[in-house]
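Heads up: the sequence lines are chains A and B, in that order.
Going by my numbering, 338 is the number at position 262 of the first sequence; the sequence numbering is gapless.
Going by my numbering, 145 is the number at position 142 of the second sequence; the sequence numbering is gapless.
Glycine included, each C-beta is placed from N, C-alpha and C at the ideal position.
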Amino acid sequence: MADKTESIKLVKELSRKEMTFAIAPVEAGRKMLLGSADFHVYEVDFGAEKPEPRSLGQHESYVTGLAVTNGVAISSSYDGTLIWWNLATSQKIRTVNAHGKWVRKVVASPDGKTIASVGDDMIGRIWDAETGKKRHELVGHAVTTPTHYPSMLFTCAFSPDSKHLATADKLGQIRVWDVASGKTVATLEAPIMYTWDPVQRRHSIGGIRALAFSPDGTKLAAGGIGKIGNIDHLEGMARVEVFDWKTGKHAIELSNDSNKGIIERLIFHPSGTKLLALGGANDGFVQVIDLNAKNVPLSEKLTTRPYDATYDPASKLLTVSGHNKVADYALTW
Amino acid sequence: MSDRRRGSASFCGSPEHGIGRRAFLGGLAAVAADMTVLDVLKQPAVAAELKKQQKRVILLWLAGGSSQLETWDPKPGAPTGGPFRAIPTSVPGIQISELMPKMAKRMGDTTIIRSLNTKNGDHGGGAKLMMRGRMDDPSLRYPDLGAVIARELGQVHSAVPDYVSFYSSTEGRDFAPGAAGFLGSRYSPMELTTSLMPENIRRPDAISEIDHAERAELREVLSKRFARGRSSSELGAHNEAYARVRGLMASDKLFDISKEPQKIRDEYGPTQFGEQALVARRLVEAGVPFVRVARAWWDSHGQNFETHQELVPELDHVMSTLLDDLKRRGLLESTLVITLAEFGRTPTINASLGRDHFATAWSATLSGCGVKGGTVYGKTDAKGQSVTDGQVGAPELFATIYRALGIDHQKNYFVGSRPVPLTEPDTDPIDDVLV
C-alpha cells in the first residue's frame with residue numbers, strides 16, 4: 077500500500093469556447109502559450125487574477141503543438157506548417173511548410189538547439205531551432221496500416237540529453253532516432269495500443285499519443301489506449317507502457333486502472349520514480365503511477381478532458397489544457 | 004397488385020439518353036415488323052442498346068452515419084467545422100472536404116443534396132426511414148428502395164437477381180436489412196454478408212454440367228405435360244422459382260472478381276469496399292437493377308476525425324473509381340449511384356473529439372442517371388446546425404430518386420384493395436436536381 081502523499085486540487089480555471097490542444101510555458105513564471113481549435117496561438121498570464129488570452133496569430137487549422145526555446149515559440153498545425161514566433165515582439169518569424177499532411181506535434185530539445193515535428197505523412201523531421209532549416213527526415217514508420225488505410229504519426233519526445241528523439245505511431249510502434257545522424261537506434265512495439273476491428277465496424281482506433289523519457293534517459297514511457305471492444309467510443313482502458321528502451325524490455329505495463337480513454341500526456345516526476353498520466357474519453361482523469369511500487373497511488377477525475385498539460389516543479393502547479401477549459405491544479409506527488 | 008411499370012419503358016431523363024432512346028425505339032419498330040421480338044433481341048447492337056437503356060441503382064450505404072462536415076458540406080473555420088479544409092471542385096463555386104480530392108475532380112456527374120432534415124437520429128429508426136423513404140405504419144410494412152427498384156426495373160424473366168445487398172460488417176446490419184415489405188419475398192434481396200460470392204448457388208461437384216442441364220430439361224418437360232389443361236398461379240410461381248434458381252446458379256461468375264482484368268481490380272483497390280463496388284459494377288452491367296454496398300461503420304462518437312481520415316479517402320477512391328468505370332462502359336447515364344446513410348453527424352464536437360448522431364441538417368448525393376451533375380441543392384447555416392434553404396426529408400429524396408429513374412413517384416401499389424402510393428401523397432421530387 078503506497079503512502080497517501082499524493083493529492084491534486086483545482087486552483088484556477090479558464091473557460092474557453094474552443095478546445096485547447098496544446099499548452100507550453102513561456103518561461104519560468106505563469107505565462108503560457110495555448111494552441112487552439114480556433115486556429116490561433118494565444119499567450120495568457122495565468123498569474124493574473126483574470127487571465128485573458130491574447131492571440132499571437134493563427135494557422136489555417138487546429139493548432140496541435142507548441143514548443144518554446146530561447147525566446148522563440150514554434151507552433152504546429154493540421155495545416156501542415158510550423159510557425160516560429162518571436163515572443164518578445166509577438167511577431168511571426170517564419171512559416172515552414174513542414175509536412176505533407178497534418179502536423180501532430182512539435183517539441184524542442186532540452187538544450188534548445190533542435191526542434192522536432194511529426195506528421196501524418198509518417199515522417200519525423202528535425203529542424204535547427206534558430207534558423208528553421210531542416211536537418212533530417214526520419215523515415216521508417218509504416219505509411220499504411222496492414223489493412224491499407226493511412227497510418228498516423230502522433231507524437232514525439234526528446235531524451236533529456238537532447239541526443240535522441242522518440243517517435244510513435246498509430247500501430248503502436250516507437251522508433252528512437254539518433255538526432256545527430258537521423259538514424260534509427262531502437263524500435264519498440266506496443267501493438268495493444270492499436271485496435272483494428274475486422275468484424276463489427278471495420279475501421280481502427282488507438283495509437284500511441286504520448287511519449288516521455290525518464291530524467292535519467294534510460295526509460296521511455298508510452299501512453300495510449302488498450303484494446304477496445306466498441307471503437308465507436310473511447311471505451312478501452314487507458315494504457316501506459318514503460319520501456320527500458322535500450323534493451324527493449326518492458327519495465328511496466330499498466331491498464332488495470334478504472335480510467336477509460338486515451339492517455340494524451342505523460343510527465344515524469346523530477347526524481348524519475350513516478351509518472352503522471354493524463355487523458356480520458358468524454359471525461360478527463362489524471363493518475364500518478366509509482367514506477368517502483370508499480371501501482372497507482374493517485375487517480376482523480378479532472379474538470380476538463382485534457383489534451384495537453386505542463387508541470388512546474390517550482391510552483392508544483394499542473395496546468396491542463398482541455399475541452400473548453402484550461403485549468404491550474406496544485407499537485408502533490 | 005397492378006399498375007406496374009416496366010423498367011424498359013422508363014426514361015432516364017438525360018438529353019443524350021433521350022435522343023438515343025428515341026432513335027433506338029424507332030429502329031426497333033422498323034425491324035420488329037419483320038422479326039420476332041426475340042430475334043431482335045439477339046442482335047448484338049440492339050442487345051447492347053437495351054443494356055444501356057435499362058436503369059440501375061448502386062446504393063453506397065454509409066452505415067452508422069457519415070459526417071456531412073467531413074464530406075459534402077464542409078464548414079472550414081467555423082467552430083463546428085473541424086480541422087479539415089474545403090477544396091474547390093471541377094464545378095466552380097462548389098467545394099467539398101479536402102478528404103475527397105478525387106470526387107472533387109468529378110463533380111460534373113454528381114449532385115449534392117445538403118438540406119436533409121429527416122428528424123430521426125436513432126440508428127434503427129433512421130436506417131429504416133432512409134432505406135424505405137418512410138416509416139412503417141402499424142398495419143403495413145413498406146418495401147425498401149431496393150425492393151421497389153427490383154419491382155419496377157427488374158425483368159420478369161431475368162436470369163440475374165433483382166436486388167443484391169452487400170453488408171459485411173456486423174454492426175448495424177440488423178438495423179435495416181433488405182426488406183420487401185408488402186411486395187413479398189419475390190423482391191427480397193440476395194444478402195451477402197460473409198463473402199463476395201453467394202453461398203450455396205454453385206452446382207454440386209457430384210453433378211456434371213450436362214447432368215444438371217438434362218435434369219432441368221426433364222423437369223421442364225414433365226412440368227409442361229402436367230400443366231396441359233390446368234391453370235394455376237401456384238404452378239406458374241413454381242416454374243418461375245425454378246427458372247430464377249437456374250438463373251442465379253448461372254450468375255455466380257458475376258460475383259467473381261478474378262474474372263476482371265487485374266488493371267481494373269487494381270483501380271478499385273484491395274479493400275473490401277472496393278471489391279464489393281467492383282462486383283456491384285459487374286452486377287449492374289449484367290442487368291441487376293439494384294445493388295446496395297454497405298460500408299459500415301461510421302458511428303464516430305469518439306475520434307471522429309481519425310475515423311473519417313480512414314473512411315472518407317476510401318469512399319472518395321471507391322466512388323470515383325466506380326463512376327469512372329461506369330462512364331467508360333457507357334453505363335453511368337443509366338445507372339444512379341447514391342450515397343446515403345441513416346443520418347449525419349453533429350456539428351458540435353464532443354470531448355472525445357467525436358461527433359454524435361444528427362438528422363437535422365445533413366447530406367446525400369446522387370450521381371449519374373437522371374440527375375443534373377455539378378449541382379448543389381439546399382443550404383445549411385454557417386455552423387451546419389440547421390437547414391436554411393431547400394429543406395427536404397426522406398419522402399422528397401425518394402421521390403427524386405424514383406423520378407431520376409423514370410418511375411412515377413405517385414403511382415399506387417395495391418395491398419388487397421388498399422391503394423398504397425409509392426411516396427406519401429403531395430410529396431414532390433427535387434426538380435432542381437433532375438434533368
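The beta-bridge partner set that DSSP reports for A297(B) consists of W64(B), Y170(B). Rounded to the nearest angstrom, the Cβ distance from S238(A) to K189(A) is 7 Å, consistent with a contact under 8 Å.
Using beta-carbon distances, H135(A) does not count as an interface residue toward chain B, since no partner is under 7 Å.
Secondary structure of I99(B) (DSSP, three-state): strand.
For H320(B), the uninterrupted alpha helix (DSSP H) segment begins and ends at 307-331. Out of T379(A), V362(A), V372(A), the CA that lies nearest to the CA of Y387(A) is found in V362(A). Residue environment analysis places H279(A) among the buried positions, since at least 16 neighbouring C-beta atoms fall within 10 angstroms of its C-beta. Assigned with DSSP and collapsed to three states, P104(B) falls in helix. Within chain A, no C-beta atom comes less than 8 Å from the C-beta of N123(B); the nearest is roughly 18 Å away. The shortest C-alpha to C-alpha distance from G181(B) to any of S172(B), M134(B), Q158(B) is the one to M134(B).
With a threshold of 16 other beta carbon atoms within 10 Å, L86(A) falls short and is exposed. The Cβ atoms of T351(B) and T113(B) do not sit closer than 7 Å to each other. Within the stretch 221-286 of chain A, the complete beta strand (DSSP E) segments of 3 residues or longer fall at 229-234, 240-245, 249-254, 260-265, 270-272, 280-282, listed in chain order.
DSSP, reduced to helix, strand and coil, places E82(A) outside both helices and strands of the structure shown, so it counts as coil. Minimum Cα-Cα distance from E317(A) among the listed residues D308(A), E311(A), H309(A), A327(A) corresponds to A327(A).
Closer than 9 Å at the C-beta level to chain A, one finds these residues of the stretch 257-275 of chain B: G272, P273, T274, Q275.
Look at G305(B): its C-beta is under 7 Å from a C-beta on chain A.
Using a CB distance cut-off of 7 Å, A357(A) counts as an interface residue toward chain B. In this structure E94(A) is in contact with A113(A), their Cβ atoms being roughly 4 Å apart against a cut-off of 8 Å. Against chain B, the CB of R180(A) has no partner CB under 7 Å away; the residue lies outside that interface. At a cut-off of 3 residues, the continuous stretches assigned as beta strand (DSSP E) that sit fully inside the stretch 288-332 of chain A are 295-301, 314-320, 325-330. Taking a C-beta cut-off of 7 Å against chain B, the contacting residues of the stretch 268-283 of chain A are V275, Q276, R277, R278, H279, S280, I281, listed in chain order. Note on the stretch 393-424 of chain B: whole alpha helix (DSSP H) runs with a minimum of 4 residues are 397-407, in chain order.
Counting other Cβ atoms within 10 Å of its Cβ, H311(B) reaches 16 or more and is therefore classed as buried. Excluding sequence positions up to five before and after V390(B), its CB lies within less than 6 Å of the CB of S118, N120, A364, T383, all in the same chain and listed in chain order.
Using a CB distance below 9 Å, the part of the stretch 220-231 of chain A facing chain B consists of T221, T223, H224, Y225, P226, M228, ordered along the chain. Straight-line measurement puts the Cα of L318(B) at about 19 Å from the Cα of R285(B). Here the C-alpha atom of R201(A) lies approximately 46 Å from the C-alpha atom of S168(B). Not a single C-beta of chain A is nearer than 7 Å to the C-beta of D328(B). With a cutoff of 7 Å on beta-carbon distance, G293(A) and I304(A) are scored as not near each other. With respect to A406(A), T380(A) sits apart: the two C-beta atoms are not nearer than 7 Å. Annotation: the continuous alpha helix (DSSP H) that includes Q265(B) extends over 265-271.
Using a 10 angstroms sphere on the CB of Q306(B), the tally of other CB atoms reaches 16 or more, which defines it as buried. Annotation: the continuous alpha helix (DSSP H) that includes K131(B) extends over 126-135. In the three-state reduction of the DSSP assignment, D140(B) falls in the strand class, which pools E and B.
Nearest Cα to G348(A) within the set D366(A), T221(A), T323(A): D366(A).
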